[in-house]
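Residue numbers (the working numbering), protein chains in the order written: chain L, 84 to 198; chain F, 3 to 117.
Built from N, CA and C at the ideal position, the CB exists for glycine as well.
Bear in mind that the values here come from a model prediction, so they are computed numbers and not experimental data.
Worksheet: one structure, shown below.
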């Protein structure tokens, strides 16, 4: 069965520290897509990134970077120089086909950035 | 414009009430989703509509009744709910649920309280 594990339930850092959120997945598929979403206290899930299984290049977007390693089935997310506005719950998700495509979400990591 | 709107933002209802949640998107997406999210949990998929047809019903109780009047609108009709149905209800849309590359965009949610 497909599965996404986010072992870190909650992380607290002080502003300007770097922080890495872990995501480990299990899938039988050879082609698959992984996603990261941010959910601030307001509730809306904000799409951050989509990565396909054929592209193992790391991606950087401003202070955000993602490290995809197929060999270890991991898709980790690093925030550099964290800010208070980064405080949110972050979800990793795997796309699964079941007649149509749907997400398998991890349990989420709550990040608290303290001023 | 990656915007999905949901109304109302908050809803309080009694167990005998009938109410509806509304979701709208103008991105030309052909798939729409309802999720239920309890506190400190990931979103749980309830329904998927693809090209205005119900394609996934995740064994949701019949007191929740989805409706997709057209490709831009998605409703969730609520009747005889229980207090345990209190949650954040999220709507999402995506271009084509039959495509593995599909990315879901979420609305801000409706916080439902059942008394």
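Please report the residue range of the beta strand (DSSP E) in which residue i lies.
i	result
residue 55 of chain F	55-59
residue 71 of chain L	Chain L is shown from 84 up to 198; residue 71 of chain L falls before or after that span and cannot be answered.
residue 170 of chain L	Segment: none, residue 170 of chain L is in no beta strand (DSSP E) and carries neither H nor E.
residue 95 of chain L	93-97
residue 193 of chain L	192-197
residue 29 of chain F	Taken as a continuous stretch (DSSP letters only), residue 29 of chain F belongs to no beta strand (DSSP E), as it is neither H nor E.
residue 112 of chain F	112-116
residue 94 of chain F	89-96
residue 8 of chain F	6-9
residue 242 of chain L	Given that chain L is displayed from residue 84 to residue 198, the structure contains no residue 242 of chain L and the question cannot be resolved.
residue 86 of chain F	Neither: residue 86 of chain F is in no beta strand (DSSP E) and is coded neither H nor E.
residue 107 of chain L	107-109
Give me the chain F residues within the contact set of residue i, using Cβ-Cβ distance strictly less than 9 Å, ordered along the chain.
i	result
residue 118 of chain L	105, 106
residue 100 of chain L	Here the premise fails: no neighbours, minimum Cβ distance about 24 Å.
residue 177 of chain L	None at all; the shortest Cβ gap to chain F is about 11 Å.
residue 174 of chain L	44, 45
Please report the Cβ distance between residue i and residue j, rounded to the nearest whole angstrom; I am assuming they are in contact, meaning their Cβ atoms lie under 8 Å.
i	j	result
residue 109 of chain F	residue 94 of chain F	7 Å
residue 191 of chain L	residue 57 of chain F	About 26 Å separates the two Cβ atoms, so there is no contact after all.
residue 194 of chain L	residue 108 of chain L	With 8 Å as the limit, residue 194 of chain L and residue 108 of chain L do not qualify as a contact, their Cβ atoms being about 20 Å apart.
residue 187 of chain L	residue 86 of chain L	7 Å
residue 82 of chain F	residue 17 of chain F	6 Å
residue 42 of chain F	residue 91 of chain F	That pair is no contact at about 16 Å.
Can you list, in chain order, the residues of its chain whose CB lies under 6 Å from that of residue i, leaving out five sequence neighbours each side?
i	result
residue 163 of chain L	101, 146
residue 135 of chain L	116
residue 172 of chain L	122, 191, 193
residue 79 of chain F	22, 67
residue 62 of chain F	48
residue 85 of chain F	116
residue 45 of chain F	37, 39, 92
residue 106 of chain F	94, 96
Give me, in chain order, the residues of the same chain whose beta-carbon lies closer than 8 Å to that of residue i; leave out the 5 immediate sequence neighbours on both sides.
i	result
residue 94 of chain L	102, 104, 192, 193, 194, 195
residue 106 of chain L	87, 88, 89, 117, 119, 157, 158, 159, 160, 175, 189
residue 141 of chain L	148, 149, 150, 151
residue 13 of chain F	21, 23, 112, 113, 114, 115
residue 153 of chain L	136, 139
residue 133 of chain L	116, 117, 118
residue 129 of chain L	120, 121, 122, 123
residue 98 of chain L	165, 166, 167, 196, 197, 198
Note down, in chain order, every chain L residue with its Cβ under 9 Å from the Cβ of residue i.
i	result
residue 57 of chain F	182, 183
residue 73 of chain F	Within chain L, no residue comes near residue 73 of chain F; the closest Cβ sits about 15 Å away, beyond 9 Å.
List, in chain order, every chain L residue whose beta-carbon is nearer than 8 Å to that of residue i.
i	result
residue 47 of chain F	185, 186
residue 52 of chain F	183
residue 110 of chain F	125, 126, 127
residue 114 of chain F	Simply none; closest approach about 12 Å.
Since residue i meets chain F, which of its residues come closer than 8 Å, beta carbon to beta carbon?
i	result
residue 190 of chain L	43, 44
residue 133 of chain L	103, 105
residue 137 of chain L	Near residue 137 of chain L there are no residues of chain F at all, since even the closest Cβ is about 11 Å away, more than 8 Å.
Using a Cβ-Cβ cut-off of 7 Å (strictly less than) and excluding sequence neighbours within five positions of residue i, which residues of its own chain qualify?
i	result
residue 70 of chain F	34, 51, 54, 76
residue 59 of chain F	49
Looking at C-beta atoms only, is the number of pairs between the region 109-117 of chain L and the region 162-169 of chain L that lie closer than 8 Å three or more? Counting C-beta pairs closer than 8 Å gives fewer than three between the region 109-117 of chain L and the region 162-169 of chain L, which falls short of the contact rule.
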